[in-house]
Amino acid sequence: MSSKTHDIFVPGRLCLFGEHSDWAGAYRRFNAAIAPGQVILAGTNQGIYARVRPLTGELKLRSLLPDGSVHEACYPMQRKALLEAAARGDFFSYAAGVAHFMLTFYQVDGLELDNYQTTMPVKKGLSSSAAFCVLVARAFGHAYDLKMTVRAEMEAAYQGEILTPSRCGRMDQGCAFGQGAVRMTFDGDMLSTQRLKIGAPIYLLAADLQGKKNTIRILADLTKAYPFPTTPQDKNVIHYLGAINSDIVVAAEALLAKGDAAGLGALMTRAQELFDHHLAPACPSELTAPKLHAVLADATVHSLSYGGKGVGSQGDGCVQFVTRGQSERDQLAAYLNSQYGMDCYPLDLLPPKVLRKAVIPAAGLGTRMFPATKAVKKEMFPVITPDGVCKPIIQTIIEEAIDAGAEEIAIIVRPEDEKVFADYFAPVADAYYERLPEAARQQSRVLAGIGQRLTFIHQKEAMGFGHAVYCAKDWVGNEPFLLLLGDHIYASRTTVNCAAQLLDAFTRHGRKSIVSLYTAPGTDVHHYGTVTGTWVDEQQKVLALSEFAEKPSLDYAREHLAMPGLGDDQFLCVYGQYILTPEIFAILGRHISEGIRQRGEVQLTTALDVLRESDGMLGFLVDGDHYDTGQPFAYLQSLQDYGHAQKA
C-alpha cells in the first residue's frame, strides 16, 4: 500500500436560489403533480483543507476548527464500528458514515486525515457537514486512486451523511463541484447538474448572523405539506418550492449569464419576499428570523448592496448579499462586523478563466551542457532564490505559470525521464519529512501541491521543439495555452509576473496568439527567434507581427527584421513565453506529416509564421528579464543576474 500523502481542499457551498426544493423535488416519486426542484449553488472562497494518506485498519481523524479547538478520533475500519460511530451523531460521525460507505462499496482500507485548516463557519448554512463528507469521500478516492467522478464523490458523501442523525438533502453535496455556479435539478430520484455561465464578475458577501436556527424543526414543519397538500398553507409551500422557485431559478440563470449583478441582487430581494409570504407561516418559530430581516432592512446595507436573502434552510443562520463592487463588499463586511458583530465571507462569481493550461517542453538532451546533463537533466539544474532556497530551474518556471493563473501544467519529457520529475514533485518519505525544519516542510508541501497539477506527456522521438509542443495536442484540447521554455527563468520588473503580463495583453487584444518579446543586441539574434512588425498601441508594447525568423544571421536581421525606434543593431527576440490558440496544432501536424523540417527538426517558429499569416499574431514587449540557462556561460551569468533581479 502506498504511503503517498495528498493535499485536498473542498469549499463550502452557498445556495443562491432554490433552498428546500431539493428534497421537495424528491416527492415526485409519490406525486407527479409536484414540480422538480431547481437549485443554483456556488462554491465558496472558504472551505476545508486536509492532508490525507492510506492507513492500515483504522480511520484516524484530526480536525482544527476556526475557533482553535482540536478534535481527534480513531475508529477501527470495520463496518459495525463505523456504523455505530455514525449513528452517535458526534463530531466525526459524518466521517464515519462516509467511511462505512467507502468500505462497503469500494473495499478500501483505512485512512489518516488531518484537517489542518478550516476557513468556513460551521453550522451556518454553508454546508460545512456536507463539505466534510465530500472531503472524506475525496480523501479515500485520492488515497486509493479510485478515480472517482464528482458525482461519485457526491453520492458517497450523501450516503454517508444520511447514516448520521443529520437530515441533509442531495443539494448539500454540490460543494463537490468546487467554485463557480451550478444548477441542480431534482426530479424524484433523478439528479442532473449543469455548470452555469458567468458573464461578468459578481461579488457576493455571506455573513454569519450570530443567531440560532433549528434546521431539523424547519424541515419537519415544511415537509408536512408533502406529498399531498391538505391545507391552504400546504399548497402555498408546494407552490413556492415548485412553480415560483422554477421561475426564480430561470431568471437567475439568465442574469448570471449576462453578469447582471444589479438584477441578481434585486431578484434575491424578491425571492426573500416570496419565501416570507409562502413558507415562513409554515414554521414561524424559525423562519420569522428577526436578525435576518433586521439586516436586510438596514439602510446602510442597501447603499452597499443590490439586494440579499437568507442562506440554506433560512432562519437566523447566515445572510448573503450581491454587493455593488469589491470596494463596497469590503465596506459592507466592515459595517456588518462593527454594527452587528458578524463574521463575513466573500464569494466571487467569475467568468471562466481565459487560460487554464500551461505546457513546458523538457525533453531535450541538453547537449550544450554536457557532461553535466549526463547526470542531471538541465531543467533540474539549481538556482538560488534571494531567501536562500535552492530550487531547480523547472520549479521556477512552473511557479511562473501558476502565479499567472494556470491550473494544470503539462511537462513534455522523454519516457525514461518522467520519474526524475515525478519523484521531485512527490511528497517526501515520512522519515525524511520528520527531520526537516518547518521552513523545509513548507517547501515540501509546496512541491506536493505542484505535483497534483502536473501531467507528463512523452515525446518518444527527438524531432524538435515543434514536435514536442505537438505532443500536447490531445491534452490541451480546444483552448488557448501558455507555452514556456524549459530552460529559461524569468524576473518581472513590476509586481505582475511576466507570464501574467502576457496573459493580460492576450485578453485585452482579442485573444489572438501572442509571443513575449525583449530587446536584444544583434550579436544575440543567431541564438533566438527574432520578429518584426507594426506597433498597435501608443506605448509601443504590442505589435502585429509581420515576420518570424528562427535564429537568423545578423545580416538577415539587419535587412529584414529592423524595428524603428530600437536603435542600431537592436532587435526584438522571442522571450520564451507564448500564449497560443489550438490552431497551432493543425499546422504542426501538417509539418510533421509532410516532413517540413529546418536543421532536421520540426520547428515551432516555422509553424508560428504560418499561423501568423493565416490568423494574425501579436508580440508583446515584456517588462522583465529572462535568463537563458541552456549554455554554460549563460547559465553562470544567469545565476548571478537572476538573484539580483529578484531582489530589486
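Be aware that the sequence shown starts at 1, since it is given in UniProt numbering, and climbs by one per residue.
For each residue, glycine too, the CB sits at the ideal point set by N, CA and C.
Please read all numbers here as calculations on a predicted model, not as lab measurements.
Nearest candidate by alpha-carbon position, reference ILE198, set GLU286, MET342, PRO351 and PRO290:
Translated into the one-based positions of the sequence shown, residue 198 becomes position 198. Per the Cα distances, PRO351.
Could you pull the start and end residues of the beta strand (DSSP E) that ASN45 belongs to?
For the purposes of this step, residue 45 is taken as residue 45 along the sequence shown, with counting starting at 1. ASN45 -> beta strand (DSSP E) spans 37-55.
Whole-angstrom distance between ALA426 and TYR556, CA atom to CA atom:
One-based indexing of the sequence shown puts residue 556 at position 556. One-based indexing of the sequence shown puts residue 426 at position 426. Cα to Cα, TYR556 sits roughly 47 Å from ALA426.
For CYS283, count neighbouring Cβ atoms within 10 angstroms of its own Cβ and tell me buried if that reaches 16, exposed if not.
On the sequence shown, residue 283 is found 283 positions in, with the first residue counted as 1. Answer is buried; the Cβ neighbour count reaches 16.
Give the list of continuous beta strand (DSSP E) stretches no shorter than 3 residues that lie fully inside the stretch 487-530.
488-492 and 514-521
Along the chain, which unbroken stretches of the beta strand (DSSP E) at least 3 residues long are found entirely within the stretch 556-639?
570-580, 618-621 and 624-628
Pick out whichever of TYR575, PRO76, GLN339 and VAL301 has its Cα sitting closest to the Cα of GLY57.
Taking the sequence shown and counting its residues from 1, the one referred to as residue 57 is at position 57. Comparing Cα positions, the closest option is PRO76.
Euclidean distance between Cα positions of LYS378 and LYS147:
As a working mapping, residue 378 is identified with position 378 in the sequence shown. As a working mapping, residue 147 is identified with position 147 in the sequence shown. Their backbone Cα atoms lie some 33 Å apart in a straight line.
Mapping DSSP to helix, strand and coil, what is ILE457?
Within the sequence shown, numbered from 1, the residue matching residue 457 stands at position 457. In the structure shown, ILE457 sits in a strand (DSSP, three-state: E or B).
Are the CB atoms of ALA35 and ARG29 nearer to each other than 9 Å?
Locating residue 35 in the sequence shown gives position 35, counting from the first residue. Locating residue 29 in the sequence shown gives position 29, counting from the first residue. No, the Cβ-Cβ distance between ALA35 and ARG29 is not below 9 Å.
Under 9 Å between the Cβ atoms of THR530 and LYS551?
On the sequence shown, residue 530 is found 530 positions in, with the first residue counted as 1. On the sequence shown, residue 551 is found 551 positions in, with the first residue counted as 1. Yes, these two residues count as a Cβ contact at 9 Å.
Report buried or exposed for CYS471, applying the criterion of at least 16 other Cβ atoms within 10 angstroms of its Cβ.
What you label residue 471 is simply residue 471 of the sequence shown in a count that begins at 1. So CYS471 ends up on the buried side.
Taking all protein chains shown into account, do 16 or more other C-beta atoms lie within 10 angstroms of the C-beta of THR385, making it buried, or fewer, making it exposed?
Counting from 1 along the sequence shown, the entry for residue 385 is found at position 385. Answer is exposed; the Cβ neighbour count stays below 16.
Candidates PRO11, LEU636, LEU543 and CYS15, of which the one nearest GLN320 by Cα:
Here residue 320 is taken as the residue at index 320 of the sequence shown, counted from 1. For GLN320, the nearest C-alpha among the options comes from CYS15.
Nearest-angstrom Cα separation, counted from THR455 out to VAL136:
In the sequence shown, the residue the question calls residue 136 occupies position 136. In the sequence shown, the residue the question calls residue 455 occupies position 455. Each residue's Cα considered, the two are about 25 Å apart.
What is the DSSP secondary structure of LYS124, counted as helix, strand or coil?
Here residue 124 refers to the residue found at position 124 when the sequence shown is read from its first residue. In this predicted model, LYS124 has a pLDDT of only 48, less than 50, meaning its place in the structure is not dependable; the value taken from the coordinates is given anyway. Coil.
Report the option in ALA429, PHE186 and GLN194 whose CA atom is closest to the CA atom of MET171.
As a first step, residue 171 must be located in the sequence shown, where it is residue number 171. Out of ALA429, PHE186 and GLN194, PHE186 has the C-alpha closest to the C-alpha of MET171.
Thinking C-alpha only, which one of GLU601, ALA491 and ARG597 is nearest VAL622?
Locating residue 622 in the sequence shown gives position 622, counting from the first residue. Nearest option by C-alpha distance: ALA491.
Where the alpha helix (DSSP H) containing VAL150 begins and where it ends:
Start at 1 with the first residue of the sequence shown, and residue 150 comes out as number 150. From DSSP, the alpha helix (DSSP H) with VAL150 extends over 150-161.
In DSSP terms, what THR532 is bridged to
Reading the sequence shown from its first residue, position 532 is the one you call residue 532. Paired residue(s): GLU547.
For ASN115, count neighbouring Cβ atoms within 10 angstroms of its own Cβ and tell me buried if that reaches 16, exposed if not.
Translated into the one-based positions of the sequence shown, residue 115 becomes position 115. By the neighbour-count rule (16 or more Cβ atoms within 10 Å), ASN115 is buried.
State yes or no: is the C-beta of VAL525 nearer than 8 Å to some heavy atom of the ligand GDP?
This structure lacks the ligand GDP, and indeed carries no ligand of any kind.
ARG356 by DSSP, collapsed to three states: which one?
By one-based count along the sequence shown, residue 356 stands at place 356. Note: ARG356 maps to coil in three-state DSSP.
Same chain, Cβ closer than 7 Å to GLY312, neighbours up to 5 away in sequence not counted:
For the purposes of this step, residue 312 is identified with residue 312 of the sequence shown, where counting begins at 1. Excluding residues within five positions, the ones whose Cβ falls inside 7 Å are CYS15, GLU19, GLY125 and CYS318.
GLY624 vs GLY486 beta-carbon contact at 9 Å:
On the sequence shown, residue 624 is found 624 positions in, with the first residue counted as 1. On the sequence shown, residue 486 is found 486 positions in, with the first residue counted as 1. Result no, Cβ atoms of GLY624 and GLY486 do not sit closer than 9 Å.
Here's a check: name, in chain order, each residue in its chain whose Cβ is nearer than 8 Å to the Cβ of GLY259, leaving out the five neighbours to either side.
The residue you call residue 259 lines up with position 259 of the sequence shown. The residues are ILE198, GLY199, ALA200, PRO201, ILE202 and PRO351.
Below 8 Å on the Cβ atoms is my guess for ALA406 versus ARG356; work out the distance and round it to an integer in Å.
Locating residue 406 in the sequence shown gives position 406, where the first residue counts as 1. Locating residue 356 in the sequence shown gives position 356, where the first residue counts as 1. Indeed, because the Cβ distance is near 7 Å, the residues count as touching under 8 Å.
Looking only at its own chain, which residues have a Cβ that is under 6 Å from the Cβ of ALA176, when we skip the five neighbours before and after it?
Walking along the sequence shown from the start, residue 176 turns up at place 176. Hits under 6 Å: VAL134, VAL150, GLU153 and MET154.
Should THR629 be labelled buried (16 or more other beta-carbon atoms within 10 Å of its own) or exposed?
For the purposes of this step, residue 629 is taken as residue 629 along the sequence shown, with counting starting at 1. So THR629 counts as buried.
Suppose you measure from the CA of ALA499 to the CA of LEU219; what does that come to, to the nearest Å?
Counting from one through the sequence shown, the residue named residue 499 turns up at place 499. Counting from one through the sequence shown, the residue named residue 219 turns up at place 219. The alpha-carbon atoms of ALA499 and LEU219 are separated by roughly 51 Å.
Please name the residue in ALA520, ASP568 and ALA607 whose C-alpha comes closest to that of ILE584.
Indexing the sequence shown from 1 puts residue 584 at position 584. When only C-alpha atoms are compared, the closest one is ALA607.
Rounded to the nearest angstrom, what separates LEU55 and ILE592 at their Cα positions?
Residue 55 sits at position 55 when you count from the first residue of the sequence shown. Residue 592 sits at position 592 when you count from the first residue of the sequence shown. Cα to Cα, LEU55 sits roughly 49 Å from ILE592.
Tell me the DSSP bridge mates of CYS15?
Numbered from its first residue, the sequence shown carries residue 15 at position 15. CYS15 is bridged to LEU41.
According to DSSP, is GLY20 part of a helix, a strand, or is it coil?
As a working note, residue 20 is residue 20 in the sequence shown. Reading off the sequence shown, one finds His at residue 20, where the question assumed Gly. Correct three-state label for HIS20: coil.
What are the residues that DSSP puts in a beta bridge with PHE9?
Taking the sequence shown and counting its residues from 1, one reaches residue 9 at position 9. TYR49, per the DSSP bridge assignment.
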